[in-house]
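Chemist: For reference, the structure I am asking about is given below.
Residue numbers (our numbering), protein chains in the order written: chain Z, 1 to 178; chain D, 179 to 474.
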């Protein structure tokens with residue numbers, strides 16, 4: 001996949017705008033509608049898209065940027081999600097040949113697999129930070145409903161991001177055109 | 179245009195640098211007290227008004243729905259309501275007299291009971307966007323006198339404490355969050371314990387030994403230890419006690435006193451002093467709520 005540097009700036013700015021809308025939806029609109037129990041962590045899906053679909057050397061920095069935006073809306077901060085995002089990126093590079101987002105079902109499956117990996121990493125780090133693994137399963141369990149829902153809408157989010165980044169289904173070429 | 183092919187070395191190097199930055203960030207991260215960077219302050223100040231606007235628009239939408247859309251049988255109710263109005267007007271006259279008397283008495287009371295703790299009424303404008311944290315965002319910040327570690331309450335009981343502040347907004351780590359630990363007293367037995375959040379809008383009471391005579395229905399209040407929460411604020415009620423065969427302590431589930439599903443307004447108690455740690459703040463808090471309703 002080839003990218004022009006100017007296009008990258010525009011696409012990245014649009015992605016940030018989309019993420020801001022998602023974050024406001026999760027932090028304000030859904031609780032206003034009575035959805036308090038679970039948060040839809042859209043940033044995870046966006047970062048999974050970055051890890052899978054964008055083959056650029058500075059994707060790690062982009063993930064860091066997205067997590068900085070997320071940290072405004074969550075006390076989780078940027079560091080844990082950045083670490084998990086890089087973990088997802090490494091996993092995606094190993095599974096690259098197996099990932100073919102040919103239809104919505106495949107996208108959902110890929111989204112749930114990578115989300116599970118993400119949440120395992122995040123839960124592990126949080127438990128390390130709070131020096132207690134008592135709530136490991138309860139934290140992990142709390143992710144399940146929202147991750148299932150996010151997987152269901154992942155094709156739509158991926159489609160939007162595909163439009164923003166103008167990515168094709170071809171993974172064979174990688175490069176930056178400037 | 180020149181085409182630069184991705185160098186795997188550059189990608190690995192970038193990944194490594196960001197990974198090191200992230201690990202350093204994780205090691206510095208505290209889930210109990212937050213620090214606001216300029217980036218965070220700027221973005222929070224830019225996005226929070228949107229959240230505040232959305233929160234306040236809910237009332238307008240509900241009002242629009244109730245007043246214009248969901249009006250069925252209006253004419254019939256109109257006649258009934260007119261009769262009610264004439265009766266209520268009579269009641270209102272006597273209520274007005276009581277209100278004036280109440281204000282006078284309150285002024286008299288405040289003359290003798292001056293609480294050094296500042297109480298700031300704030301509205302909830304947002305929730306944390308992550309599943310693993312239970313944090314609320316308020317529409318008041320440092321410019322209104324709110325400081326980090328200030329206790330946050332409602333007339334129902336304890337909400338949490340201020341985790342981080344920006345000039346106009348503040349984030350509150352609620353007692354539902356697993357990072358928030360509240361030193362409590364069981365009201366009936368005076369047993370000390372620690373309340374921690376467990377994500378599903380409930381809490382657990384820890385470090386209560388098996389020989390303590392605690393029961394389902396026992397009420398918990400803040401112990402006033404630690405300097406964040408004043409003593410005597412309602413925290414919750416014991417709803418379940420399970421005794422495992424192993425271990426020295428009980429597994430106790432606690433229902434918070436505050437209904438977090440209906441949380442709209444809270445009171446931030448700032449500048450806690452030593453005297454207040456032994457005062458019952460809820461009486462004065464209720465006063466503030468009453469006053470605020472009157473102002474509205």
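We put the CB at the ideal spot given by N, CA and C, even for glycine.
Distance, Cα to Cα, residue 101(Z) vs residue 49(Z)?
Modeler: Position 101 of the first chain, counted from the start, is the residue given in the question as residue 101(Z). Position 49 of the first chain, counted from the start, is the residue given in the question as residue 49(Z). C-alpha separation (whole angstroms): 11 Å.
Chemist: Any C-beta of chain D sitting closer than 8 Å to the C-beta of residue 12(Z)?
Modeler: For this step, residue 12(Z) is matched to residue 12 along the first chain. Cβ-Cβ to chain D under 8 Å: no for residue 12(Z).
Chemist: Along the beta strand (DSSP E) that carries residue 348(D), what are the first and last residues, could you check?
Modeler: Within the second chain, the letter at position 170 stands for residue 348(D). Here the beta strand (DSSP E) through residue 348(D) covers 348-352.
Chemist: For residue 385(D), decide whether its Cβ has a neighbour in chain Z, counting only Cβ atoms nearer than 8 Å.
Modeler: In the second chain, residue 385(D) corresponds to position 207, counting from 1. No, its Cβ sits nowhere closer than 8 Å to a Cβ of chain Z.
Chemist: Who are the neighbours of residue 118(Z) on chain D, taking C-beta pairs under 8 Å?
Modeler: Within the first chain, numbered from 1, the residue matching residue 118(Z) stands at position 118. In chain order: nothing, as chain D lies at least about 12 Å away.
Chemist: Does the pairing of the stretch 267-282 of chain D with the stretch 41-48 of chain Z give three or more beta-carbon distances under 8 Å?
Modeler: Segments in contact, no.
Chemist: Between the Cα of residue 336(D) and the Cα atoms of 352(D), 348(D), 321(D), which residue gives the shortest distance?
Modeler: To locate residue 336(D), count along the second chain from 1; it is residue 158. Of the candidates 352(D), 348(D), 321(D), the one whose C-alpha sits nearest the C-alpha of residue 336(D) is 352(D).
Chemist: For residue 208(D), count the other beta carbons within 10 Å of its own beta carbon; 16 or more makes it buried, fewer makes it exposed. Which is it?
Modeler: Numbered from its first residue, the second chain carries residue 208(D) at position 30. So residue 208(D) counts as exposed.
Chemist: Rounded to the nearest angstrom, how far is the Cβ of residue 350(D) from that of residue 314(D), given a contact under 8 Å?
Modeler: Counted from its first residue, the second chain places residue 350(D) at position 172. Counted from its first residue, the second chain places residue 314(D) at position 136. Contact holds; Cβ gap of about 5 Å.
Chemist: List, in order along the chain, the chain B residues whose C-beta lies closer than 8 Å to that of residue 311(D)?
Modeler: Any reference to chain B falls outside this structure, whose protein chains are Z and D.
Chemist: Please specify which runs of the alpha helix (DSSP H), each continuous and at least 4 residues long, are wholly inside the stretch 83-143 of chain Z, giving them in chain order.
Modeler: If we require 4 residues or more, the alpha helix (DSSP H) runs fully inside the stretch 83-143 of chain Z come out as 104-129.
Chemist: Could you check what DSSP says for residue 310(D) in three-state terms: helix, strand or coil?
Modeler: For the purposes of this step, residue 310(D) is taken as the residue at position 132 of the second chain. Three-state DSSP puts residue 310(D) in coil, outside helix and strand.
Chemist: Let me know if residue 34(Z) comes out buried or exposed under the rule of 16 or more other beta-carbons within 10 Å of its beta-carbon.
Modeler: Position 34 of the first chain, counted from the start, is the residue given in the question as residue 34(Z). Flag for residue 34(Z) reads exposed.
Chemist: Kindly list the residues whose CB is nearer than 6 Å to the CB of residue 359(D), restricted to its own chain and excluding five residues on each side of it in sequence; keep chain order.
Modeler: Along the second chain, read from residue 1 onward, the residue named residue 359(D) stands at position 181. Contacts found: 372, 374.
Chemist: Between residue 203(D) and chain Z, is there a C-beta pair that is closer than 8 Å?
Modeler: Residue 203(D) sits at position 25 when you count from the first residue of the second chain. At least one chain Z Cβ lies under 8 Å of residue 203(D).
Chemist: Can you find the residues in the same chain that come closer than 8 Å, C-beta to C-beta, to residue 441(D), ignoring five residues on each side of it along the sequence?
Modeler: By 1-based counting over the second chain, the position of residue 441(D) is 263. Closer than 8 Å at the Cβ level, and outside the excluded window around residue 441(D), lie 302, 314, 332, 337.
Chemist: For residue 324(D), which three-state DSSP category applies?
Modeler: Looking up residue 324(D) in the second chain gives position 146. Correct three-state label for residue 324(D): coil.
Chemist: DSSP on residue 35(Z), reduced to helix/strand/coil?
Modeler: Here residue 35(Z) refers to the residue found at position 35 when the first chain is read from its first residue. Coil at residue 35(Z), not helix or strand.
Chemist: Does the distance from the CB of residue 229(Z) to the CB of residue 310(D) come in under 8 Å?
Modeler: Residue 229(Z) lies beyond the residue range present for chain Z, which begins at 1 and ends at 178; the question has no answer from this structure.
Chemist: Taking DSSP's pairing of strands, which residues face residue 415(D) in a bridge?
Modeler: For the purposes of this step, residue 415(D) is identified with residue 237 of the second chain, where counting begins at 1. For residue 415(D), which the question treats as bridged, DSSP gives the partners 397(D), 433(D).
Chemist: Count the other C-beta atoms from every protein chain shown that fall within 10 angstroms of the C-beta of residue 381(D), then say buried if there are 16 or more, exposed otherwise.
Modeler: Within the second chain, the letter at position 203 stands for residue 381(D). Classification for residue 381(D): buried.
Chemist: Cα separation between residue 104(Z) and residue 113(Z)?
Modeler: Within the first chain, numbered from 1, the residue matching residue 104(Z) stands at position 104. Within the first chain, numbered from 1, the residue matching residue 113(Z) stands at position 113. Answer to the nearest angstrom: the Cα atoms are 14 Å apart.
Chemist: Chain D partners of residue 26(Z), CB-CB under 7 Å?
Modeler: If you number the first chain from 1, residue 26(Z) lands on position 26. Correct list: 307.
Chemist: Nearest CA to the CA of residue 191(D): which residue from 86(Z), 39(Z), 120(Z), 108(Z)?
Modeler: Counted from its first residue, the second chain places residue 191(D) at position 13. Checked all of 86(Z), 39(Z), 120(Z), 108(Z); the closest Cα to residue 191(D) is 86(Z).
Chemist: When you compare the CB of residue 162(Z) with every CB in chain D, is at least one pair closer than 8 Å?
Modeler: Looking up residue 162(Z) in the first chain gives position 162. By this cut-off, residue 162(Z) is not an interface position.
Chemist: Does the beta-carbon of residue 206(D) have 16 or more other beta-carbons within 10 angstroms, so that it is buried, or is it exposed?
Modeler: By one-based count along the second chain, residue 206(D) stands at place 28. Exposed: under 16 other Cβ atoms inside 10 Å.
Chemist: For the alpha helix (DSSP H) holding residue 198(D), just list the boundary residues, first then last.
Modeler: The residue you call residue 198(D) lines up with position 20 of the second chain. It spans 186-206 - the alpha helix (DSSP H) in which residue 198(D) sits, taken as one unbroken run.
Chemist: Helix, strand or coil: how does DSSP classify residue 7(Z) here?
Modeler: Against the first chain, residue 7(Z) aligns to sequence position 7. Three-state result, residue 7(Z): helix.
Chemist: Between which two residues does the alpha helix (DSSP H) carrying residue 72(Z) extend?
Modeler: Taking the first residue of the first chain as position 1, residue 72(Z) is located at position 72. Unbroken alpha helix (DSSP H) run through residue 72(Z): 59-73.
Chemist: Which residues does DSSP pair with residue 427(D) in a beta bridge?
Modeler: Counted from its first residue, the second chain places residue 427(D) at position 249. Residue 427(D) is bridged to 387(D).
Chemist: What whole-angstrom Cβ distance do residue 400(D) and residue 24(Z) have, given they're in contact under 8 Å?
Modeler: For the purposes of this step, residue 400(D) is taken as residue 222 along the second chain, with counting starting at 1. For the purposes of this step, residue 24(Z) is taken as residue 24 along the first chain, with counting starting at 1. So it is not a contact: roughly 33 Å between Cβ atoms.
Chemist: Taking contact to mean 3 or more Cβ pairs, one atom from each stretch, closer than 8 Å, check whether the stretch 108-123 of chain Z and the stretch 150-163 of chain Z are in contact.
Modeler: With the cut-off at 8 Å, the stretch 108-123 of chain Z and the stretch 150-163 of chain Z touch.
Chemist: Counting pairs of beta carbons, one from the stretch 411-420 of chain D and one from the stretch 378-394 of chain D, are three or more of them closer than 8 Å?
Modeler: Flag = yes, the stretch 411-420 of chain D and the stretch 378-394 of chain D touch.
Chemist: For a cutoff of 8 Å on Cβ pairs, would you count residue 189(Z) as touching chain D?
Modeler: Nothing about residue 189(Z) can be read from this structure; chain Z reaches only from 1 to 178.
Chemist: On a Cα-Cα basis, can you pick out the residue from 404(D), 429(D), 407(D) that is closest to residue 137(D)?
Modeler: One cannot answer for residue 137(D) here, as it falls past the ends of chain D, which runs 179 to 474.
Chemist: Report the partner residues of residue 448(D) according to the DSSP bridge assignment.
Modeler: Mapped onto the second chain, residue 448(D) falls at position 270. Answer by DSSP bridge pairing, in chain order: 296(D).
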